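Accompanying notes for the structure given below.
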Amino acid sequence: MKNARNAYLCHMIRSNDIESFKEKLRKHGLKATAQRIAVHESMMRLGHASADRIAEDIAAEGQAKISAASVYNVLSDLSEIGIYQKRMSRTNKMFFDVNTLPHCHVYDCENDSYRDLVDEDLEMMVQNYLGSRKFRGYKVDGIDIQILVRPSSRKKRG
Ligand SMILES: [Zn+2]
Numbered sequence: 000m001k002n003a004r005n006a007y008l009c010h011m012i013r014s015n016d017i018e019s020f021k022e023k024l025r026k027h028g029l030k031a032t033a034q035r036i037a038v039h040e041s042m043m044r045l046g047h048a049s050a051d052r053i054a055e056d057i058a059a060e061g062q063a064k065i066s067a068a069s070v071y072n073v074l075s076d077l078s079e080i081g082i083y084q085k086r087m088s089r090t091n092k093m094f095f096d097v098n099t100l101p102h103c104h105v106y107d108c109e110n111d112s113y114r115d116l117v118d119e120d121l122e123m124m125v126q127n128y129l130g131s132r133k134f135r136g137y138k139v140d141g142i143d144i145q146i147l148v149r150p151s152s153r154k155k156r157g
């Protein structure tokens, strides 16, 4: 169990650094342009983000200005080659995730934001349960666990 978690963390560190990012681009015949690097650096800071959020973050960092539309194209291209995972949020916004391994999420419905949830017990429980379940005409392709939350502290009025 511990080893699985360590392997997971090592994967995260290795797959996220800029050098292995450039290596992946090279492998797919893509140039490591300033835009792609700025987008990836921002994704590493944020973990999960929409194109709008990345464009804001890049602007805030004082790097070259990139329109949200250009950011979206970069994110889509990078998802195509497996660098990010895509998820559609409840507000129908496309989010991109730097963690491409199967994992659970906590989704804040009020702030439209994701966090990774590392809970091996939960994953094992669901996997063990589904291992013995049959879905007529289908085989299980994956499990996507998302816990919906909203902030518990209420803002004071007035
Ligand atoms: Zn995630």
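In numbering that gives the first Met the number 0, the protein residues as written are 0 to 157.
Quick reminder that beta carbons are idealized off the backbone N, C-alpha and C, glycines included.
Computed from a prediction, not measured in an experiment: that's the story for all the values here.
Taking residue i as the reference, which of the options has the closest Cα?
i: residue 94; options: 120, 67, 150; result: 67
i: residue 51; options: 33, 70, 45; result: 70
i: residue 114; options: 31, 91, 44, 132; result: 44
By Cβ distance below 8 angstroms, which residues in the same chain neighbour residue i in space, the five residues on each side in sequence not counted?
i: residue 29; result: 35, 76, 80
So, are the CB atoms of residue i and residue j less than 8 angstroms apart?
i: residue 145; j: residue 104; result: yes
i: residue 117; j: residue 142; result: no
i: residue 37; j: residue 59; result: no
i: residue 82; j: residue 23; result: yes
i: residue 96; j: residue 39; result: no
i: residue 152; j: residue 92; result: no
Among residues of its own chain, excluding the 5 on either side of residue i, which ones have a beta-carbon nearer than 7 angstroms to its beta-carbon?
i: residue 90; result: 111
i: residue 158; result: With the chain represented from 0 up to 157, any question about residue 158 goes unanswered, as that position is not in the structure.
i: residue 109; result: 149, 150
i: residue 139; result: 129
With a threshold of 6 angstroms on Cβ separation, who are the neighbours of residue i within its own chain once the five nearest residues in sequence on each side are excluded?
i: residue 159; result: No information on residue 159 is available, as it lies outside the stretch 0 to 157 that the chain covers here.
i: residue 41; result: 53, 56, 57
Our contact map puts residue i next to residue j with C-beta atoms below 8 angstroms; I'd like the distance itself, whole angstroms only.
i: residue 74; j: residue 106; result: About 19 angstroms; that fails the 8 angstroms criterion.
Practice prompt. Kindly provide the ranges of any alpha helix (DSSP H) runs that are 4 or more residues long and lie completely inside the region 20-96, ordered along the chain.
Written response: Unbroken alpha helix (DSSP H) runs of no fewer than 4 residues, entirely contained in the region 20-96, are found at 33-45, 50-59, 67-79, following chain order.
Worksheet entry | beta strand (DSSP E) segments (min. 3 residues) lying fully within the region 108-134 | Counting only runs of at least 3 residues, the region 108-134 fully encloses the following beta strand (DSSP E) elements, listed from N- to C-terminal order: 112-116.
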